[in-house]
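2 protein chains.
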Amino acid sequence: MRIRIGDVAQDDVARVAGVSQKTVSRVLNNEPNVRAKTREKVLAAVQSLQYHPNLSARSLASNRSFLVALLYDNPSQSYVMETLTGVLDACEPRNFGMMVKPLDSNAPDIAERTMSLVHKRRPDGLILTPPLTECGELLRTLKDRGIPFSCVLPHDPAENIGVTMDESAAACEITSYLVELGHRRIAHVTGRMSHSAAKWRLDGYREGLRLAGIRYHTSLVVQGQFTFSSGVMAARTLFASRKRPTAIFAANDEMATGVMWEAAHHGLMVPNDISVCGFDDSPMAEQVWPPLTTVRQPNRDMGRIAADQLLNTLEGGEGHMRTVPYTLCKRESTDSIVA
Amino acid sequence: MRIRIGDVAQDDVARVAGVSQKTVSRVLNNEPNVRAKTREKVLAAVQSLQYHPNLSARSLASNRSFLVALLYDNPSQSYVMETLTGVLDACEPRNFGMMVKPLDSNAPDIAERTMSLVHKRRPDGLILTPPLTECGELLRTLKDRGIPFSCVLPHDPAENIGVTMDESAAACEITSYLVELGHRRIAHVTGRMSHSAAKWRLDGYREGLRLAGIRYHTSLVVQGQFTFSSGVMAARTLFASRKRPTAIFAANDEMATGVMWEAAHHGLMVPNDISVCGFDDSPMAEQVWPPLTTVRQPNRDMGRIAADQLLNTLEGGEGHMRTVPYTLCKRESTDSIVA
DNA sequence: CTGAAAGCGCTTACAG
DNA sequence: CTGAAAGCGCTTACAG
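Chains as they are written, first to last, in our numbering: chain A, 1 to 339; chain B, 1001 to 1339.
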């Protein structure tokens, strides 16, 4: 039981077109030095025979797989799906395939596991997403072995190709927005602090306070883990404090949703009793009540751009580190303090 | 710029092991007729040389790709991710790779698009997820051309291999649960009626009513689209009716969340003013307030099982249609009517 | 139980 | 601008 394709080979196309196999190959690969007339004949034969190149043969001969691998270790299913879709957006028109590989960023042998994938499937390059981009050992291994890769939001954008976003500026902006609404006791629920994103967002929060002349209080900062339940826990801590904040900025939407969940559980109305905002603009941001004020990170675009940078280098061009803009999404979960 | 592997070939292993290349191939493919001693020698050589087989060469020679393609057209990112993860669970240990392919189930040329993928990437088989399993033309094309495929929740389980679940029974059970809680005016928000799942769930709802001796009222059934916003709209319709239902069973969690959203918007308390339940047990079910009563569909398991059935047939074994059990998840979004 | 030969369908390297 | 030859690293089909 096996898929059998027409089994038309370049050979057959060549015969029909009245040229050599090599010429068919040239046309198919858009190589120069083919007369327009010859090209046409070949293309016509390809068409009439319904010829489809055999990628295995091409890979074997050229020692390339025309495959990229997307590596991830992110609890957010929507994040991974958006990124994956973006990578596919980039791969499709350039005739590359994509493999996906979930990895545990805390595994001590993560570099070996990655190399095992590289040996088995031989992707031409890799795309790393946070928090895998934080694994120094992994990045070093890939660089040492000369394996091309591209990063989404790496710790050090200057040293990699891929895509990044000014998360600190975004976090600063959303904090400033809370200030504009009249809030002064603004709490922050951080992400897992080993992730750069958590640091960037905390930095932005502090900068937002500084710009408004509001003192930074560690009592208003609670550590989360980027998960829903850590948002619930953080909110519990904050609600128990003597002087409750009037607004909470959670470092991602998942935690912000947890904060809202706990607020409801605690009998607090959002935004009347407390304003809540998040970060990412994941689908849930619009599906909770009230809709969540957040920062939109264009994950699909970022996946596409990261993949494009990688493909550029694979095709002999140049890969860069691109920066995408963010958008502040003002919704109903935040309100003016003197409503 | 290209990944270069050690480039150890079977040839090299054969030389080191002191056997022929064919024997190395036999050992690697677990073929019979190799002396234990010989096998050991080969394995030792493989180990010492860090040999990794070249899949392209293997594919070219054997005319198999060792690849399956997961086809989807589902708006729920968590659904796709869970299924994909399940498929990966099955592929990993059997050394198959997975491609993913988003498709538009409404495209008139869906069969051609699929065949185009088949011609380009030559997967050994396909895995179809709803609603692609509803595309008669696609299924027919695949069968006609002898392309192996496996289905998740196909319209007609008896005619395919893969995995299914008794959705009607599950819908009946959750309806009965509402009845147990004392509800009699129970509304249903259907999914997109062209999907079998929508029909099965509606059937189960009707059966649940019938078992309780409650008459079926079309005024209590509103058409949705399986989307969040269609849930919002449906709730709006139901809340506007003269006699509001005391409970709403939405055909999936996405719509149930929309119903809850609209309830909040409308100033109705869940579950005090109205009970709401869904179907799927997607991650959001536990993240909304109050947590959503729903039916758990084990999507990851289903992905794994569907893939396993396909791989069985690809490896010369038998593929079956498996049935997985569901679980009723009782949470706080539903309550007794005389609380 | 083992091996020598041919061939899968391409690209590379070279020649003209 | 075009082509003949060799070879990529495996498996298949056959022989012993």
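Cβ atoms here follow ideal geometry from the backbone N, Cα and C, with glycine treated the same way.
- Counting only the Cα atoms, R122(A) lies some 10 Å from H1052(B).
- The three-state secondary structure of Q1021(B), taken from DSSP, is helix.
- Sixteen is the threshold: when 16 or more other Cβ atoms of the shown chains lie within 10 Å of the Cβ of T175(A), as they do, the residue is buried.
- In the three-state reduction of the DSSP assignment, R1296(B) falls in the strand class.
- The Cβ of A264(A) sits closer than 7 Å to at least one Cβ of chain B.
- Residue pairing by DSSP places M165(A) opposite V324(A) in a beta bridge.
- In this structure, the alpha-carbon of V42(A) lies about 28 Å from that of G317(A).
- When DSSP states are grouped into helix, strand and coil, L1103(B) belongs to the coil group.
- Shortest Cα-Cα distance from I1337(B) to any of M1269(B), Y1326(B), N1054(B), V1100(B) involves M1269(B).
- For V80(A), the neighbours in chain B by C-beta distance under 7 Å run, in chain order, M1081.
- With respect to the C-alpha of R192(A), the residue from N252(A), V16(A), I305(A) having the closest C-alpha is N252(A).
- For the 7 Å CB-CB criterion, D1335(B) and P1283(B) do not form a contact.
- DSSP places Y216(A) in the coil class of the three-state scheme, outside both helix and strand.
- Taken through DSSP and simplified to helix, strand or coil, M1098(B) comes out as strand.
- Looking from the CA of I248(A), the closest CA among Q287(A), L202(A), R210(A), L211(A) belongs to L202(A).
- When Cβ-Cβ separations below 7 Å define contact, L1071(B) makes no contact with chain A.
- The closest CA to that of D1281(B), considering only A1090(B), Y1326(B), P1245(B), is found on Y1326(B).
- CA-CA distance, L1055(B) to L49(A), rounds to 27 Å.
- Excluding five sequence positions before and after W261(A), the CB atoms of its chain that fall closer than 7 Å to its own CB belong to V232, given in chain order.
- When secondary structure is reduced to three states using DSSP, Y72(A) falls in the strand class.
- With its beta carbon at least 7 Å from every one in chain A, S1196(B) lies outside the interface.
- Here the stretch 71-86 of chain A makes no contact with the stretch 1060-1075 of chain B; the two share fewer than three CB pairs at distances below 8 Å.
- The C-beta separation of A1307(B) from A1045(B) comes to about 33 Å, leaving the pair out of contact by the 8 Å criterion.
- Per DSSP, T1083(B) is one residue of the alpha helix (DSSP H) stretching across 1077-1091.
- For F1228(B), the chain A residues whose Cβ falls inside 7 Å of its Cβ are Q287, in order along the chain.
- With contacts defined by Cβ atoms closer than 7 Å, L1067(B) and M1115(B) do not form a contacting pair.
- The three-state secondary structure of V1259(B), taken from DSSP, is helix.
- Cβ contact annotation for E1315(B) (same chain, cutoff 6 Å, sequence separation greater than five): none.
- Judged by beta-carbon spacing, R94(A) lies beyond the 7 Å limit of L238(A), meaning their Cβ atoms are not closer than that value.
- Classified as exposed, Y216(A) has fewer than 16 neighbouring CB atoms from the shown chains inside 10 Å of its CB.
- The three-state secondary structure of L1268(B), taken from DSSP, is coil.
- Using a CB distance cut-off of 7 Å, L60(A) counts as an interface residue toward chain B.
- Using a Cβ-Cβ cut-off of 8 Å, Q1225(B) is close to nothing in chain A; its nearest Cβ partner there is about 15 Å away.
- Contact of W200(A) with chain B is not assigned, every C-beta pair being separated by 7 Å or more.
- The C-alpha of F1226(B) lies about 24 Å from the C-alpha of F228(A).
- With a 10 Å radius around the Cβ and a threshold of 16 neighbouring Cβ atoms, K101(A) comes out buried.
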